[in-house]
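Working notes, structure below.
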Amino acid sequence: MNVPVYRFAPSPNGHLHLGHAYSAILNYEAARQSGGRFLLRIEDIDTVRCTPQLQQDMLEDLSWLGLQWELPVRKQSEHFGDYTKALQKLEALGVVYKAYLTRAQIKRFVAKQDASDTPWPRDPDGAPLYPGDNGVLTKQEQQTLHNSEAPYALRLNMTKAIKLAGDPLSWTEAQHGLMQANPAAWGDVVLARKDTPTSYHLSVVVDDALQGITYILRGKDLYHATSVHRLLQTLLELPEPLYEHHDLILDETGRKLAKSAKDTALRELRASGITPAQIRARLGL
């Protein structure tokens, strides 16, 4: 019988809040109760915002909560070569291309389209789909950017990728059964950039496969991203985990907690005298 393998994979680009505590405890307890394994992964591909001090603070917070994990801890910044190999495989399949449009150019193009009768399509997170260089830049402008080695993003040609993947994609949601995937809703997602060898979508599927993750228990904010992950898993011939997307911890206004919004960190709650047991009770655990 295969042993279930769970993981908690935070980014040390800010301090953990109650939402992180909820997801970490859910994964830890699910692994413990099923006789499975619990792994911790540090998602630090952003080597500017993810600092050693924030990583240390994060480990202290998780240990304070009473969680224990296997060693060594996988740090993405130490495994860029793994993501490069996966990217090269996708390039060999002909589904990766260089995209040169800047955020400002995309914003101007989308604003112009939105002002017309047909608003520009958005992905499930609300970001505009990539319009493609051909719709904004002339061939000469594209060639000039290429020759000058200008900054670029390596994007997935979603149309080609879906065609190559074949049959309609799906995944199994633990509590609800088979879910139909719709990766096209995301458009041509970024897989890497000139100065960054990977993106979240690419690294997460590679890491989960290499670590043998069998059960992905994460927030509902990543539910729709599973469509992209199933597409990449299929193209890269990686195993398919079982998925479960849990409810999010919201503030009093109904907004999900976020590090970027400076929501109350676990460290602040610790400093105020709250105990791990009180944290669990507050989270309904």
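All residue numbers for the sequence shown refer to my numbering, where the first residue is 11 and numbers rise by one. Every residue gets a Cβ at the ideal spot worked out from N, C-alpha and C, and that includes glycine. Only a predicted model underlies this, so the values are computations on that prediction, with no experimental measurement involved.
Tyr210 is the residue among Tyr210, Arg132, Trp196 whose C-alpha sits nearest the C-alpha of Ala202. Annotation for Lys99: no beta strand (DSSP E) segment contains it, though the alpha helix (DSSP H) segment containing it runs 90 to 102.
For Gly222, the CB contacts under 6 Å within the same chain, skipping 5 residues up- and downstream, are Val15 in chain order.
Judged by beta-carbon spacing, Gly229 lies within the 8 Å limit of His255, meaning their Cβ atoms are closer than that value. Approximately 43 Å separates the beta-carbon atoms of Arg290 and Ile116; this is outside 8 Å, ruling out the contact. Contact between Ile55 and Ser213 holds: their C-beta atoms lie close to 6 Å from each other, under 8 Å. Taking the Cα positions, Val106 is about 6 Å away from Leu164. Less than 8 Å divides the Cβ of Thr244 from the Cβ of Ala175.
Here Pro20 is buried. Its C-beta has 16 or more other C-beta atoms within 10 Å. Approximately 5 Å separates the beta-carbon atoms of Trp196 and Asp133; this is inside 8 Å, confirming the contact. Counting only residues of its own chain and dropping the five nearest sequence neighbours on each side, Glu88 has no CB closer than 7 Å to any other CB. A contact between stretches requires three or more CB pairs, one per stretch, nearer than 8 Å, and the segment 58 to 66 meets this requirement with the segment 21 to 35.
Taking C-alpha positions only, Asp71 is separated from Leu227 by approximately 20 Å.
Taken atom to atom, the span from the alpha-carbon of Lys170 to that of Leu260 is near 38 Å.
Residue state for Tyr210 is assigned as helix, using DSSP reduced to three classes. Scanning its chain for C-beta atoms nearer than 6 Å, with the 5 sequence neighbours on each side dropped, one finds no residue around Arg118. DSSP assignment within the segment 222 to 268 yields the following whole alpha helix (DSSP H) runs of 4 residues or more, N-terminal first: 235 to 245.
Cβ neighbours of Asn12 within its own chain (closer than 8 Å, five residues either side excluded): Thr224.
Take Asp205, set aside five residues on each side of it, and the residues of its chain with a beta-carbon closer than 8 Å to its own are Pro161, in chain order.
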